[in-house]
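To keep things clear, I will list the structure first and then write my remarks on it.
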Amino acid sequence: MKNNLLQKSLMILAVCALSMLTFARQEKVIKIFSKGSVVAEYIASNIDYIQVDDMIGAPGDVAATVAGTEITISWSAVEGATYSIFRSPDNVNFSLLAKGVTETKYTDKSPLKGSNYYRVKAIVDGKESGYTSSVAATLTDNGMESGVYLGIYGFNTNLYKYPVMRLDETSINGFYNFIDELSTSGMTKLYYAVEQALNTMQSTQYPSDLSQVALVTFTDGLDRGSHNHNDSYLDSEDGDLDYRNDLNKRIMNQTVGGKKISAYSIGIKGSDVVDNAKFKDNIQKLASAPENAYEVANMSEVNAKFKEIAAQLNKSTNVQSFNVKIPVEANGSRIRFTFDNTKSNADNSKVWIEGKLNLRTNALEEIEYKGMIFTTPVSSVSGTRDAEGYISYTFSGIVTDNGLIFTPNATMEHIYVVSTGKYQPNSEFGKEGDFVPKVERSSAAIMLVLDCSSSLDDVFSTSQANAKNFIKTLYDASGNDPFTPNPPSFGDDETFTVNGVTFKMIKVEGGTYQMGSNNGDSDEKPVHSETVYSFQIGETEVTQGLWRAVMGTDPSYFDGNDNLPVEIVSWNDCQDFINRLNEITGKQFRLPSETEWEYAARGGNQSQGYTYSGGNNINDVAWYGGNSGSKTHPVAQKQPNELGIYDMSGNVWEWTSDWYSSDYSSPRNSSYRVYRGGSWNSTATSCRVANRSGLSPGGRGSNLGLRLAL
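Counting in this note's numbering, the sequence shown tops out at residue 690, every number present.
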């Protein structure tokens, strides 16, 4: 018994000794917390003493006032301090504006156009305070003339800069001459060029009515050497990747003149590109949205995309206002105005304004809107009531997302009915004077960044011509009535002869139309407004005779007649054909965009609203499964449409330049290209002008051909 007790006592002593030894080996750690998180920790035995010094407090009471073209910033004093002032165009990236200021105010004599954000630091005995909170001031009028303000950067191993200036009759030749003087050289400092373009845009003053800011980049490959211009990327594991990602953050988050940046990228893969994944990622990251990134196959497509982007930018400079008059509804009613021809169902609208009716004040309150921005955001709009009980409202400073122009025939007032949970169209709305729109052009800041690398040697002159076409499209629209499309850069119908084969291009005057159908397949929805600028389109589908004259071969299944439409041609085959045709003619033929195709098929601005291209009786206008005898037929045997164009319904499907999307509200990010029009073996439904389909660019068929555009 004693031995057992002794053993237990010895064991307890041993455990205690071991515990004391373990405890003795532990170190005390001092942890410093901020907002509940550890920001630093130190081993206590390594600290000799702790000293708490006073920090330099940031100035308070920061304010900014605008006087003419100057902005004065003021703040409260910090004893013994001098001050540094920082400025930003977007409240994100601040740069030093002044230092060593001894007074408690500073006048910025050259503020940025639009928004200016300021912060102040105090410096005492070489020690800096933190930043003050930022204060904003807006320069609303700097006396600059409205218009399109354009700048250009060219890049290879060097950077070539043309300054930002207003695009008008006095400056356009300067832009042209600069582009003509560009030449190719090695290397591709893509990221560096984009960075400098952004810096230039943010440091330039613009008119007070700036509404659109765009960066348009054309590149044929990857980046080589940009990180050598910025030491912060030299030690990165992947300096190029870090550089590119930082550019993407700037594009997505920063502003110019207080406006977000719409960035577009056009990429044509150069022969020296081996990293396809990085090439594709570059195109995506240099755009502000997936639908703004275009990977194209040839220079004809580059030209088409330049025109498409320029047309979109032109539409985006339209600033709209309107007066609307409605009958009195119940107090508290929710009123929605739709502007995209969704007259029967407000839920289908993509462009609308809604508010809650307050009959005590006649105001529309709790304003919400979709598909647009207000240059000055609104939460309520005051109304005036006339003797008959109608209330009138004025909305102004509106820029629509897709450039839609408000028109009376596409506008409807809807009242939300609580008992049904649905919007009811107001049958009394729509009389003359109920909706009166007004459109003015605002200013745009656009920067064009052009690849001038040596891998473009063979097609560089075409690249220069494309860039000049982009500028001309911008110039043609500036100063025109927004309701009138910009004039074409060519004459009327034109006839061309290639190796003995003649074909005709029909002039299509531009205009605005409602694209799609609510009575067709889901990919035809929603019906939406599109503005098309003047262009030319083939009078007929490309024939086997023309294909043979250009390519020397005929891939068609149905042969024996040069006037039969060519078929068994993929989208990629069409690009090869167009490239050779352009080499022969010196023109810039291309495939029509899907928007252009449907506009032409409907009859353009002469449209009679037919179901098929040229009429409502399909047998009059189309070879299809019900009358073709299971084969193609020579072109131009059926009735043409309103513009004199044949076979846009039936005979063979026709490729377009666009990527396919599951509907018009979805991004065009599929792996299919759009083809249109129906064919010799199609149903009547497939031959409707609104019907659309998609196929891989390598796909072929005996029912699939093409039609040219210019």
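Just so it is clear, CB atoms sit at the ideal spot from N, CA and C, and this is done for glycine as well.
Are the beta-carbon atoms of residue i and residue j separated by less than 7 Å?
i, j, result
"D200", "I241", "no"
"W639", "L686", "no"
"F450", "F286", "yes"
"K305", "S372", "yes"
"I548", "R653", "no"
"P572", "A689", "yes"
"K141", "Y129", "no"
"F409", "P388", "no"
"V81", "Y97", "no"
"A43", "S56", "no"
"R204", "M232", "no"
"S593", "W633", "no"
"T84", "E50", "no"
"E275", "I263", "yes"
"P187", "S126", "yes"
"M347", "S359", "In the sequence under discussion, the amino acid at residue 347 is Ile, which differs from the Met named in the question. Cβ atoms of I347 and S359: closer than 7 Å."
"Y370", "R314", "no"
"L436", "T164", "yes"
"R146", "T297", "no"
"R570", "A173", "no"
"L202", "K258", "yes"
Taking the alpha-carbon of residue i as reference, which of the options has the nearest alpha-carbon?
i, options, result
"A61", "I36, S659, I333 and G48", "I36"
"S376", "I353, P388, M392 and V654", "I353"
"Y699", "A447, G490 and T297", "The structure shown does not extend to residue 699, since the chain is modelled only from -19 through 690, so no value can be given for it."
"V507", "Y655, M485, D456 and S329", "S329"
"K101", "V58, F302, L623 and S666", "V58"
"T197", "V299, S206 and V282", "V282"
"L454", "A194, T364 and A78", "A194"
"K611", "P677, Y537 and A664", "Y537"
"Q568", "L436, I517, G609 and G335", "I517"
"A291", "E510, T184, I486 and S399", "E510"
"Y604", "P614, I625, R648 and C667", "C667"
"Y493", "P405, S434, G583 and S443", "G583"
"D473", "E563, I625, T565 and I347", "I625"
"S502", "D327, S301 and Y644", "Y644"
"S676", "S651, A664 and T663", "S651"
"S191", "N272, K295 and S113", "K295"
"W332", "R340, K350, Q300 and S435", "K350"
"D695", "R528, T442, D539 and T565", "Because the chain here runs from -19 to 690, residue 695 falls outside it and cannot be looked at."
"S673", "G500, D539 and I564", "G500"
"N311", "V398, T665 and T374", "V398"
"T591", "E622, G566 and N562", "E622"
"P614", "S497, G525 and I558", "G525"
"S113", "T137, N71 and V254", "N71"
Contact check, residue i vs residue j under 8 Å by CB: the rounded distance?
i, j, result
"Q619", "G595", "6 Å"
"F135", "L170", "7 Å"
"Q182", "V144", "Actually they are not in contact, since the Cβ atoms of Q182 and V144 sit about 11 Å apart, beyond 8 Å."
"D320", "A390", "6 Å"
"E576", "F515", "6 Å"
"V546", "V522", "5 Å"
"S245", "N272", "7 Å"
"L92", "L119", "7 Å"
"G238", "T180", "17 Å between Cβ atoms; not a contact."
In the DSSP output, which residue or residues are listed as bridge partners for residue i?
i, result
"K240", "T235"
"P307", "Y370"
"V478", "V481"
"G595", "Y592"
"S301", "K418"
"L130", "M145 and I426"
"Q192", "A424"
"D600", "Partner(s): none; D600 has no beta bridge."
"E275", "G247"
"S95", "T118"
"D88", "I51"
"F259", "Answer is none; F259 lacks a bridge partner."
"P572", "Per DSSP, none; premise fails for P572."
"A20", "I12"
"K689", "According to the sequence displayed, residue 689 carries Ala and not Lys. Note: A689 sits in a beta bridge opposite I517 and R570."
"W577", "Answer is none; W577 lacks a bridge partner."
Using beta carbons (cut-off 7 Å, strictly below), is residue i in contact with chain D?
i, result
"V276", "As a matter of chain content, chain D is missing from the structure shown, which is built from one protein chain."
Residue ranges of each alpha helix (DSSP H) run of no fewer than 4 residues wholly in the region 373 to 458, ordered along the chain?
440 to 457
Contained alpha helix (DSSP H) runs [length at least 4] in the region 139 to 176, N- to C-terminal order:
Counting only unbroken stretches of 4 or more residues, the alpha helix (DSSP H) elements lying wholly within the region 139 to 176 are 152 to 161, in sequence order.
Complete beta strand (DSSP E) runs within the region 621 to 687 (minimum length 3 residues, chain order)
633 to 639, 653 to 656 and 672 to 675
Enumerate, from N- to C-terminal direction, the unbroken alpha helix (DSSP H) stretches of 4 or more residues contained entirely within the region 475 to 536.
524 to 531
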